[in-house]
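Number of protein chains: 4
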Amino acid sequence: MKFHKLPITEKNMLNVGIVGATGYAGEELIAILLRHPGVLITSLSAQIDKPRKISEIFSQFKNKLNLICALPDKSEIILKCDLVFLALPHTVSMEIAPKLLGAGKKVIDLSADYRLKDTKVYERFYKTRHKDKAHLREAVYGLPELYRVKIKKARLIANPGCYPTGAILGIVPLLVANIIDVDSIFIDAKSGFSGAGREAVARQEKEILNNLWAYKVNIHQHMPEIDQELSKFADGKVSVTFVPHILPLKRGILETIYLKIQNPKSKIQNLIDLYRKFYKKEPFVRILDEGSFPQLKNVVGTNFCEIGIHADAKKGVIIVIAALDNLLKGASGEAVQNLNIMYGFPEYTALV
Amino acid sequence: MKFHKLPITEKNMLNVGIVGATGYAGEELIAILLRHPGVLITSLSAQIDKPRKISEIFSQFKNKLNLICALPDKSEIILKCDLVFLALPHTVSMEIAPKLLGAGKKVIDLSADYRLKDTKVYERFYKTRHKDKAHLREAVYGLPELYRVKIKKARLIANPGCYPTGAILGIVPLLVANIIDVDSIFIDAKSGFSGAGREAVARQEKEILNNLWAYKVNIHQHMPEIDQELSKFADGKVSVTFVPHILPLKRGILETIYLKIQNPKSKIQNLIDLYRKFYKKEPFVRILDEGSFPQLKNVVGTNFCEIGIHADAKKGVIIVIAALDNLLKGASGEAVQNLNIMYGFPEYTALV
Amino acid sequence: MKFHKLPITEKNMLNVGIVGATGYAGEELIAILLRHPGVLITSLSAQIDKPRKISEIFSQFKNKLNLICALPDKSEIILKCDLVFLALPHTVSMEIAPKLLGAGKKVIDLSADYRLKDTKVYERFYKTRHKDKAHLREAVYGLPELYRVKIKKARLIANPGCYPTGAILGIVPLLVANIIDVDSIFIDAKSGFSGAGREAVARQEKEILNNLWAYKVNIHQHMPEIDQELSKFADGKVSVTFVPHILPLKRGILETIYLKIQNPKSKIQNLIDLYRKFYKKEPFVRILDEGSFPQLKNVVGTNFCEIGIHADAKKGVIIVIAALDNLLKGASGEAVQNLNIMYGFPEYTALV
Amino acid sequence: MKFHKLPITEKNMLNVGIVGATGYAGEELIAILLRHPGVLITSLSAQIDKPRKISEIFSQFKNKLNLICALPDKSEIILKCDLVFLALPHTVSMEIAPKLLGAGKKVIDLSADYRLKDTKVYERFYKTRHKDKAHLREAVYGLPELYRVKIKKARLIANPGCYPTGAILGIVPLLVANIIDVDSIFIDAKSGFSGAGREAVARQEKEILNNLWAYKVNIHQHMPEIDQELSKFADGKVSVTFVPHILPLKRGILETIYLKIQNPKSKIQNLIDLYRKFYKKEPFVRILDEGSFPQLKNVVGTNFCEIGIHADAKKGVIIVIAALDNLLKGASGEAVQNLNIMYGFPEYTALV
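Protein chains in written order, with the working numbering: chain A, 99 to 450; chain B, 99 to 450; chain C, 99 to 450; chain D, 99 to 450.
The structure is reproduced here in structure tokens:
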């Protein structure tokens with residue numbers, strides 16, 4: 099019942115680097131990888147004034163990780179790493195990834211740079227030209243529940259955004275079953291403030307405590323990412339309405355999704371069974387019982403996405419509520435899940 | 099340079115009682131009425147083990163209000179009061195109100211007992227028979243922005259629920275302008291934990307800090323109240339979809355409302371102007387500028403309802419966000435606004 | 099039954115300016131003064147990029163205050179104001195105050211510039227030379243409970259620090275009664291994050307939510323202010339030990355003070371009576387009953403300082419716990435209390 | 099550099115039971131033990147209405163632990179377990195422990211029942227007679243840093259209280275070095291609300307959010323426990339002054355300790371070195387650098403106790419600040435640390 103493994107020596111361990119180690123996602127990646135029996139962190143870098151011990155920046159790593167975090171030096175990273183996580187702001191990733199890939203390294207990019215296949219859409223939402231269309235084509239969208247086979251063989255993973263992870267997992271089963279009207283998808287998302295990134299939190303003009311507000315109403319950059327992925331499972335182009343809000347807490351996303359049933363004859367009994375079948379082999383998706391809905395507390399600190407479903411035949415409405423930890427299943431946890439798939443580790447390694 | 103006013107003697111002041119003085123709404127009513135220059139609080143009662151000074155229960159009223167709070171004694175209340183606020187759980191109000199009204203008193207009921215005109219709906223959502231259909235007919239729904247004229251002459255006010263206040267103020271202008279599809283109204287509401295009432299908070303099994311969850315998904319008792327009021331302004335019966343959530347903060351409601359445009363030719367330019375015209379004389383409704391949306395912090399502690407509006411012609415979607423303080427504009431503040439209307443005080447008295 | 103007052107025309111009102119209107123203390127001052135029937139706010143200024151309506155900076159003042167906040171212009175302030183509040187960082191106040199005083203204006207300075215009579219101490223703790231020793235001498239320390247008579251006639255008030263207000267009010271009665279050992283005074287202070295000022299909060303590297311930490315341990319600049327004031331009531335120089343902490347909430351200070359009884363024969367019965375007598379005429383000091391101690395919730399949003407006292411004869415120890423709202427009794431509330439004293443308004447005007 | 103181990107089969111694993119599995123400490127014990135490679139949880143019980151799957155009570159254990167939690171049945175526990183954790187209210191533990199010990203089981207008691215050697219003191223602070231003086235004598239106080247050798251051979255561990263763990267670790271080095279005046283020890287403790295236990299939190303009358311208050315001022319039951327342990331390292335009986343406070347957060351304790359230097363000639367240079375030497379082999383005590391002090395965020399979620407030290411020779415004062423997670427190093431983490439010592443596992447097993 100317990101997890102047995104062959105003795106792993108440093109020799110046969112996977113050498114991993116993190117660029118952007120000082121942000122929320124980087125901090126979380128370090129914590130997870132320190133628990134990973136097959137991975138050795140060999141390089142940490144970030145936009146930083148001067149080189150500093152990582153244990154000075156994050157005291158929780160004292161006596162656990164004895165590495166210096168410095169400005170990223172591509173040649174050194176190439177020398178030291180087999181795989182590199184890019185936990186960077188968008189536009190910065192695509193300046194580093196090509197060189198790493200060119201040197202035969204694998205890359206898991208947590209930024210948005212390789213997620214949107216349509217560079218026009220990228221340019222509209224990220225206000226900058228795309229500079230690496232070559233690799234964009236080969237990048238695999240790293241949502242294990244949908245693309246596990248491709249992830250296994252990928253060199254470059256575009257790790258999904260936090261909001262898209264919950265929204266896509268919550269909606270795709272209904273699209274595949276052809277139940278809902280694709281023109282009426284409303285996603286009301288609520289996120290802890292860490293979703294905005296450490297820099298943004300520091301700059302923060304708005305008070306977080308005792309407050310709540312919507313932002314980037316119907317213009318958030320994760321919206322086209324959701325559209326792109328949902329469209330693959332629908333007849334025609336999906337265009338969701340998406341409104342994110344910031345909660346007075348640090349971690350966790352809860353998305354309440356309102357959908358309309360395509361036609362009155364749709365079978366909406368047993369939607370919970372439908373979801374359970376769809377995700378039956380998934381280690382990190384939990385479908386709740388009838389009448390139960392997720393609470394943040396139960397997913398924060400885990401790599402799980404919990405989903406609750408409610409249908410109202412008379413109104414012709416389905417409500418799906420999905421919750422996850424934006425820094426784990428919505429970022430660094432999912433990134434390590436992808437690493438596990440790529441290298442044949444049990445998928446839950448370091449994640450439970 | 100000193101502050102002078104004509105002596106207001108106890109003789110010419112309005113004598114007011116509060117039944118249910120120890121709950122959140124009662125506490126707030128006392129605080130507001132203490133600032134009201136034309137009102138004297140003369141009676142406080144509640145379901146309480148033994149009579150206690152109100153300043154012992156709420157130390158903030160020490161040296162401000164020297165009254166005993168005891169079990170409600172209808173005869174005594176009738177002797178001492180011109181108007182009575184009922185800040186009670188539903189079903190309890192309708193046992194007290196008839197006697198007070200029979201004795202010629204005015205009543206502002208903060209419970210749900212006199213809000214739903216259809217007793218079948220009341221019975222379905224409140225799991226109890228309605229016992230005072232006579233007064234139910236005459237009760238005026240106390241939303242000043244819509245029913246000011248009737249409130250002026252009313253003996254019995256059914257003070258609106260907290261969620262309905264925001265939802266109705268946010269949607270009615272679109273119904274009146276005949277712009278939206280009444281079959282696609284999705285209200286995603288987020289409330290501070292005080293919305294559940296003091297008793298419920300004490301019983302609370304769920305952790306409030308660092309948590310968020312949806313509850314009574316599509317079955318909350320405020321949903322039929324919203325339906326009833328919206329239907330008055332629509333062609334036919336409105337049936338909204340409503341999902342409330344509990345936030346990790348004490349006060350404040352923010353409702354994000356998703357609506358579909360009725361037909362592509364609808365004029366959705368200048369929606370903000372439409373709202374501004376609709377509410378132009380309202381002292382407590384604030385319509386935000388294009389691209390601005392409410393944050394809880396700006397309405398908590400006030401009697402204002404702030405509304406932000408966004409329209410997307412291509413998607414055929416309108417998003418309305420309304421925010422208010424659930425204990426003020428959503429309960430006790432609105433109740434005093436109604437008192438002011440009934441007795442000819444300036445409507446903002448004690449509320450700014 | 100209506101609210102009447104003699105017309106207070108702009109002519110006979112006190113014209114007041116606020117320099118530093120955009121900080122926490124400035125925001126609070128505006129809110130209080132808007133409720134003051136004898137005061138007209140006539141000038142708002144701050145270190146600001148470009149002039150902006152105050153109602154744009156703080157939306158809660160919309161429709162209540164129609165003033166532009168711009169860079170401070172001393173000549174204009176002199177023209178428009180009778181009294182000026184300086185809600186500025188230290189060292190900035192002493193550059194503005196002299197000119198205002200020279201023009202015959204009254205000044206209430208919320209910074210530390212005029213609090214410490216010994217400029218050497220000022221220079222050690224504030225790392226800068228004192229530039230206005232002339233006015234420093236005449237400045238009156240604005241703690242009404244101790245210096246009401248002097249405040250009445252003062253031109254320049256040094257409004258006390260937030261921590262000193264609680265600590266001094268909590269300790270002075272014991273010094274006057276000559277009960278405690280002045281070499282063993284330990285003040286453990288806990289403050290909401292607004293105590294650090296809006297700028298500091300924005301810069302904040304430490305996470306506020308779910309966190310607590312001590313800072314400036316035994317070196318905080320409020321320590322010599324407490325020493326100076328306590329020494330006036332003691333035989334010899336008092337030198338307290340002071341450790342402040344930041345709480346995960348916005349407002350409120352609670353100070354737990356540990357003291358040793360001077361000699362075993364000291365009478366420590368009836369300490370609560372001692373405090374009640376000492377503060378018997380004070381409108382804003384509340385002494386709690388035996389066994390009761392303050393909680394932040396009861397003082398936040400008020401101008402009260404609540405004090406609880408416990409003595410242990412066997413151990414020879416006294417514990418005093420004082421609580422107040424750092425932005426009201428600890429800053430802007432106390433400042434308006436001082437204004438009220440200076441101009442003969444009832445002391446509680448605009449403060450209850 | 100990684101942790102290697104021989105394959106552990108269910109056969110040679112330690113079978114462990116938890117009585118009181120549904121409280122905060124029980125929940126935490128389960129989480130830790132699930133990560134422990136040498137331990138199998140075989141029995142869960144609690145005061146519970148009817149038997150329920152533990153994964154229904156705590157959904158985070160779904161798919162991880164398939165056990166029913168029922169009322170404690172001593173015979174069954176004896177059959178199934180080698181060691182039993184008692185995570186119970188005081189007075190309940192001493193009714194269960196004797197039978198378990200009598201059957202040859204080992205017991206780690208997280209209640210206070212076996213901590214105070216003097217039953218008169220126990221009876222004064224816990225308001226009940228002690229019923230198991232026999233085992234009280236042999237119980238070992240389970241603070242590994244002081245009693246590791248005895249713990250190794252113990253049958254019955256009295257796991258320390260959360261406040262005492264921090265206070266004792268923070269003060270003992272100064273007592274051993276004979277530096278401080280034992281009559282002047284003031285401990286100002288601040289704890290997250292989980293310190294009060296899940297039951298108490300549910301009953302809670304005080305609001306937790308945006309609040310802070312002191313409780314059991316100088317009468318808290320952990321005070322005699324601190325006295326007892328400190329006295330062992332001092333000349334004569336120590337009697338500390340102890341005031342705990344409840345913070346608006348769930349987990350974590352920070353204790354700010356004020357001490358007086360015994361005589362002016364005491365050597366108080368290099369106190370940090372003194373502490374580092376004292377704790378140099380300790381895996382879970384971290385002494386911070388000069389001028390650094392702990393913040394809760396860095397210890398919550400870990401089994402570490404962090405300590406910062408400041409001395410002021412002129413004032414003759416030492417300030418020690420200790421922080422830990424009350425549910426880990428202050429309860430369940432320390433309990434598993436004790437288990438590891440008793441059974442020869444590396445002391446950090448399941449704790450890092």
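Virtual Cβ for every residue (Gly too), placed ideally from N, Cα, C.
> Using a C-beta to C-beta distance shorter than 7 Å, which residues of chain D count as neighbours of C:Arg419?
Replying inline: On the third sequence, residue 419 of chain C is found 321 positions in, with the first residue counted as 1. Residue identity differs from the one stated: residue 419 of chain C is Ile in this sequence, not Arg. Residues of chain D passing the Cβ test: Ala312.
> DSSP three-state call for C:Glu404: helix, strand or coil?
Replying inline: The sequence position of residue 404 of chain C within the third sequence is 306, counting from 1. Residue state, collapsed to three classes: strand.
> Would A:Phe101 be called buried (16 or more neighbouring beta carbons within 10 Å of its own) or exposed?
Replying inline: For the purposes of this step, residue 101 of chain A is identified with residue 3 of the first sequence, where counting begins at 1. Only weak support exists for where A:Phe101 lies, its pLDDT of 33 falling under 50; the coordinates are left without a value.
> In its own chain, which residues sit with a C-beta less than 7 Å from the C-beta of D:Val137, not counting the 5 before and 5 after it?
Replying inline: Locating residue 137 of chain D in the fourth sequence gives position 39, counting from the first residue. Counting only Cβ-Cβ distances below 7 Å, and skipping sequence neighbours, we find Met111, Leu112, Val114 and Leu131.
> Are the Cβ atoms of C:Thr457 and C:Cys167 separated by less than 8 Å?
Replying inline: The first residue shown for chain C is 99 and the last is 450, placing residue 457 of chain C beyond what the model contains.
> Taking A:Glu125 as the reference, which of A:Gly431, A:Asn436 and A:Glu445 has the closest Cα?
Replying inline: Looking up residue 125 of chain A in the first sequence gives position 27. The candidate whose alpha carbon is nearest that of A:Glu125 is A:Gly431.
>> By alpha-carbon positions, which one of A:Ala256, A:Arg222 and A:Tyr224 ends up nearest to A:Arg235?
In response: Residue mapping note: residue 235 of chain A aligns to position 137 of the first sequence, counting from 1. Closest option to A:Arg235, Cα to Cα, is A:Ala256.
>> For the beta strand (DSSP E) containing B:Phe159, name the first residue and the last one.
In response: Here residue 159 of chain B corresponds to residue number 61 of the second sequence, with the count starting at 1. Segment: none, B:Phe159 is in no beta strand (DSSP E) and carries neither H nor E.
> Within the chosen definition, does the stretch 368-382 of chain A reach the stretch 261-277 of chain A through at least 3 CB pairs nearer than 8 Å?
Replying inline: yes
>> Between C:Asn225 and chain A, is any beta-carbon pair separated by less than 8 Å?
In response: Position 127 of the third sequence, counted from the first residue, corresponds to residue 225 of chain C. Looking at the sequence itself, residue 225 of chain C is Lys, so the reference to Asn does not match. So, not an interface residue.
> Anyone know if the C-beta pair for A:Asn401 and A:Pro346 falls short of 8 Å?
Replying inline: Position 303 of the first sequence holds residue 401 of chain A. Position 248 of the first sequence holds residue 346 of chain A. No, these two residues do not count as a Cβ contact at 8 Å.
>> Taking its Cβ as the centre, do 16 or more other Cβ atoms sit within 10 Å of D:Leu177, making it buried, or is it exposed?
In response: As a working mapping, residue 177 of chain D is identified with position 79 in the fourth sequence. Result: exposed.
>> Less than 8 Å between the beta carbons of C:Tyr224 and C:Pro342, yes or no?
In response: Residue 224 of chain C sits at position 126 when you count from the first residue of the third sequence. Residue 342 of chain C sits at position 244 when you count from the first residue of the third sequence. Going by C-beta atoms, C:Tyr224 is not nearer than 8 Å to C:Pro342.
> Taking Cβ positions only, does D:Asn308 come closer than 8 Å to chain B?
Replying inline: The residue given as residue 308 of chain D occupies position 210 in the fourth sequence. Yes, D:Asn308 lies at the interface with chain B (some Cβ there is under 8 Å from its Cβ).
> Looking only at DSSP bridge pairs, what is D:Ala343 linked to?
Replying inline: As a first step, residue 343 of chain D is located in the fourth sequence; it is residue number 245 there, counting from the start. Sequence check: residue 343 of chain D is His here, not Ala. For D:His343, which the question treats as bridged, DSSP gives the partners D:Lys288 and D:Ala312.
> Which residues of chain A have a Cβ atom closer than 8 Å to the Cβ of D:Gln435, listed in chain order?
Replying inline: Position 337 of the fourth sequence, counting from 1, holds the residue named residue 435 of chain D. The CB of D:Gln435 never comes closer than 8 Å to any CB in chain A; the least such distance is about 16 Å.
>> What residue range does the beta strand (DSSP E) around D:Ala332 cover?
In response: Taking the fourth sequence and counting its residues from 1, one reaches residue 332 of chain D at position 234. Following the DSSP letters along the chain, one finds D:Ala332 in no beta strand (DSSP E), marked with neither H nor E.
>> Can you find the residues in the same chain that come closer than 8 Å, C-beta to C-beta, to C:Phe376, ignoring five residues on each side of it along the sequence?
In response: Locating residue 376 of chain C in the third sequence gives position 278, where the first residue counts as 1. Hits under 8 Å: Val270, Pro271 and Val274.
>> What would DSSP say about B:Ser141, mapped onto helix, strand or coil?
In response: Sequence index remark: in the second sequence, residue 141 of chain B carries index 43 (1-based). Correct three-state label for B:Ser141: strand.
> Out of A:Ser209, A:Thr140, A:Lys348 and A:Asn164, which has the shortest C-alpha to C-alpha gap to A:Ala433?
Replying inline: Working through the first sequence from its first residue, we reach residue 433 of chain A at position 335. Selected option, being the one with the closest Cα: A:Ser209.
> Which word fits A:Arg384, buried or exposed, when buried means at least 16 other C-beta atoms lie within 10 angstroms of its C-beta?
Replying inline: In the first sequence, the residue the question calls residue 384 of chain A occupies position 286. Counting of Cβ neighbours within 10 angstroms places A:Arg384 among the buried residues, the total reaching 16 or more.
> To which residues of the same chain is B:Arg213 closer than 6 Å at the C-beta, ignoring the five residues directly before and after it?
Replying inline: Residue 213 of chain B sits at position 115 when you count from the first residue of the second sequence. Hits under 6 Å: Ala256 and Glu323.
> What residues match up with A:Val238 in a beta bridge as DSSP calls it?
Replying inline: Within the first sequence, the letter at position 140 stands for residue 238 of chain A. According to DSSP, which records beta bridges pairwise, A:Val238 is partnered with A:Ile255.
>> Among B:Gly389, B:Gln158, B:Gly350 and B:Pro149, whose alpha-carbon lies nearest the alpha-carbon of B:Ala129?
In response: Along the second sequence, read from residue 1 onward, the residue named residue 129 of chain B stands at position 31. Checking every option, the nearest Cα to that of B:Ala129 belongs to B:Gln158.
> Since B:Ser153 and B:Leu163 are thought to touch, with beta carbons under 8 Å apart, how far apart are those beta carbons, to the nearest angstrom?
Replying inline: As a first step, residue 153 of chain B must be located in the second sequence, where it is residue number 55. As a first step, residue 163 of chain B must be located in the second sequence, where it is residue number 65. Right, the Cβ-Cβ distance comes to about 6 Å (below 8 Å), so this counts as a contact.
> From C:Lys103 to B:Lys395, what distance separates their C-alpha atoms?
Replying inline: Reading the third sequence from its first residue, position 5 is the one you call residue 103 of chain C. Reading the second sequence from its first residue, position 297 is the one you call residue 395 of chain B. Note that C:Lys103 has pLDDT 35, beneath the 50 cutoff, so the model's placement of it is unreliable and no number is given.
>> Within the continuous beta strand (DSSP E) that includes D:Cys167, where are the two ends?
In response: The residue labelled residue 167 of chain D in the question sits at position 69 within the fourth sequence. Per DSSP, D:Cys167 belongs to the beta strand (DSSP E) from Ile166 to Ala168.
> Cβ of C:Phe391 less than 8 Å from any chain D Cβ?
Replying inline: Against the third sequence, residue 391 of chain C aligns to sequence position 293. At least one chain D Cβ lies under 8 Å of C:Phe391.
> First and last residue of the beta strand (DSSP E) that includes A:Leu422?
Replying inline: For the purposes of this step, residue 422 of chain A is identified with residue 324 of the first sequence, where counting begins at 1. Residues Val415 to Leu422.
>> Once the 5 residues before and after A:Leu426 are set aside, which same chain residues still bring their CB inside 6 Å of it?
In response: Counting from one through the first sequence, the residue named residue 426 of chain A turns up at place 328. Taken in chain order, the residues that qualify are Asn401.
> Could you give the distance in angstroms between the alpha-carbon of B:Glu353 and the alpha-carbon of B:Ala421?
Replying inline: Locating residue 353 of chain B in the second sequence gives position 255, where the first residue counts as 1. Locating residue 421 of chain B in the second sequence gives position 323, where the first residue counts as 1. Using only the alpha carbons, I get a separation of about 6 Å.
> DSSP three-state call for D:Leu425: helix, strand or coil?
Replying inline: Reading the fourth sequence from its first residue, position 327 is the one you call residue 425 of chain D. Coil at D:Leu425, not helix or strand.
>> Strictly under 8 Å for the Cβ-Cβ distance: is A:Gly115 near chain D by that measure?
In response: The residue you call residue 115 of chain A lines up with position 17 of the first sequence. Judged by the 8 Å Cβ criterion, A:Gly115 is not in contact with chain D.
>> Taking 7 Å as the limit between beta carbons, can you name the residues of its chain near C:Glu388, skipping five residues before and five after?
In response: Position 290 of the third sequence holds residue 388 of chain C. The residues are Ile370.
> Given a limit of 8 Å on CB to CB distance, which residues of the stretch 321-354 of chain A reach chain C?
Replying inline: Those would be Pro346, Leu347 and Lys348, in chain order.
> Based on the DSSP secondary-structure assignment, which residues constitute the bridge partners of B:Leu112?
Replying inline: Sequence index remark: in the second sequence, residue 112 of chain B carries index 14 (1-based). Partner(s): B:Val137.
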